[in-house]
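Remarks on the structure that follows.
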Amino acid sequence: MKPSDLHVICVYSNNRRWKSRERLLYRFISHMLDSGVSLTIVEHTIGERDFALQSDDPAFRHTQLFQVRGTDRQENWLKEGLIRYGRQRLPDSARYIAQIDADVAFQRPDWASATLDMLQIHRVGQPWSYSVDLGPDENPVMDENGRLMDRSFCAAWAAGDIRVTPNDYGMGQPTASWMLKEERRDWRQHYGYAWAFRADVYDAIGGLPDWLVTGSADYISAMAFAGLLNTSDTYTSSSCTRRLQQFAALCDEHVKQDIGVVPGMLSHGFHGPKRKRFYLDRKDILRESGFDPDLDIAYDRHGLPCLARDNRILRDGLRRLSVMRDEDANTI
């Protein structure tokens, strides 16, 4: 196998036109091409706005760039839908795929080959084990939990720190016999940044859920992969619960708690202070708007989710969440 056998998909959606996103994307493209992977980029823009990325830009010479035009009804989280759009346009020969946020960098130069090697054993996994957040001066900064270094969910799983017991409500089989003593347990477990899949497994589960309008698909999916997903304290309506349980069943059938990790450090580029991401306030938007995916979500001609009914609390809450991220701020 060679690094180009790994098909990396990233997305660029920038309704607020944050300059930091474009800067980090160009750095990411260079990093991916230096790594030797096959890179697919999906850009989404709204209305009649010009696309920010130009296909004749030399930076995209060795990439696949797909550009999708949406509407003002797409203030919702789009990453997973755009990833799926890119996946559907990969060649039939693509057997290994990774979805990676376009603001990260891997420290080990052979991370792509190591990811392919991991996927020979495991069905899904994260291609990193530890991460640091970078500040505006490129130095490490503490994350939203007050830590200078985080650990991936998959590294926590490999260490035995993710517990699945007979009392859990998910569909997974208990793993309690693997576990370390309580006093040795490391609670760090980051669900995002990058995931890698065997392509047939990704297709069988339908990709990561695209109807989660405020995000959290990485967390939801990690729980499902581990056999721990049943309900969510964020997405609480009966239709949300039904969809989550359907996804959990697919993951139990096709992932089977078969989770791997690639040892190595990842750095996360700075695009505004994390304290303005309002991770915990997202559930307030969903609760106050009475979010119901059966009523609030439709799909456009590209197969991407969009807001369906006249739910102005949901629409305006999503807009406010997006604006308040302040991604061009130069302070921690």
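Here the sequence shown is numbered in this note's numbering, starting from 449 and rising by one per residue.
For glycine and all other residues, C-beta sits at the position ideal for the given N, C-alpha and C.
* Is it true that the CB of A604 sits closer than 8 Å to the CB of R636? -> yes
* Asked: Just reading off the alpha helix (DSSP H) that R532 is part of, what are its end residues?
  -> K527 to R535
* Asked: Using a Cβ-Cβ cut-off of 8 Å (strictly less than) and excluding sequence neighbours within five positions of E491, which residues of its own chain qualify?
  -> V459, Y460, S461, F499, A500, L501, L513, F514, Q515 and V516
* Could you say which of G654, D744 and S715 lies nearest to E523 if we only look at CA atoms? => D744
* Asked: Over what stretch of residues does the beta strand (DSSP E) that includes L513 continue unbroken?
  -> Q512 to G518
* To do: From the DSSP output, read off the bridge partner residues of D598.
  => S579
* What are the partner residues of I494, as DSSP defines its beta bridges? -> G518
* With a Cβ-Cβ cutoff of 8 Å, do W559 and P575 count as a contact? -> yes
* Tell me the start and end of each unbroken beta strand (DSSP E) in the stretch 731 to 770 that is at least 3 residues and wholly inside, in chain order. => 745 to 747 and 753 to 755
* Asked: Out of A697, G594 and T689, which has the shortest C-alpha to C-alpha gap to D681?
  -> T689
* Pairwise C-alpha distance: Y747 and H702 -> 26 Å
* **Three-way DSSP call (helix, strand, coil) for M566 in this model** => helix
* Report all residues from its chain with a CB closer than 7 Å to the CB of S503; omit the five preceding and five following residues, and keep chain order. => L513
* Could you please give the first and the last residue of the uninterrupted alpha helix (DSSP H) stretch that includes V649? => A647 to I653
* Do R611 and D634 come within 8 Å of each other at the CB atom, strictly closer than that value? -> no
* Does DSSP put F718 in a helix, in a strand, or in coil? -> coil
* For D700, does the three-state DSSP call read helix, strand or coil? -> helix
* At least 3 beta-carbon pairs within less than 8 Å: the stretch 645 to 664 vs the stretch 524 to 539 -> yes
* Span separating the alpha-carbon of I457 from that of G765 -> 28 Å
* Asked: For A642 versus V552, is the C-beta spacing smaller than 8 Å?
  -> yes
* **Boundaries of the alpha helix (DSSP H) in which I780 is found, first to last residue** => Where I780 is concerned, there is no enclosing alpha helix (DSSP H), given that its DSSP letter is neither H nor E.
* Consult DSSP for T613 and reduce its assignment to one of helix, strand or coil. => coil
* Go to F673, then tell me how far its beta strand (DSSP E) extends in each direction, as first and last residue. => Careful: F673 lies outside any beta strand (DSSP E), inside the alpha helix (DSSP H) at A665 to A674.
* **Closest Cα partner of Y683 within the set G675, G640 and L692** => L692
* Going by DSSP, name the residue or residues bridged to Q547. => I457 and W643
* Do A550 and H455 have their C-beta atoms closer together than 8 Å? -> no
* **For G529 and V485, the rounded distance between their alpha carbons** => 22 Å
* From the DSSP output, in three-state form, read off Q705 for me. => coil
* Asked: Could you give the distance in angstroms between the alpha-carbon of R760 and the alpha-carbon of D732?
  -> 14 Å
* According to DSSP, which residues form a beta bridge with I489? -> C458 and L513
* Asked: From this set, L677, I494 and L538, which residue's C-alpha is nearest T787's C-alpha?
  -> Since the displayed the chain opens at 449 and closes at 780, residue 787 lies outside it and no answer follows.
* Among D609, T563 and H638, which one has its Cα closest to the Cα of L596? -> H638
* How many whole angstroms separate the CB atoms of L564 and G717, which I take to be in contact at a CB cut-off of 8 Å? -> Their Cβ separation, rounded to whole angstroms, is 25 Å, which puts L564 and G717 out of contact at 8 Å.
* To do: Would you mind sorting T779 into buried or exposed? The rule is 16 or more other CB atoms within 10 Å of its CB.
  => exposed
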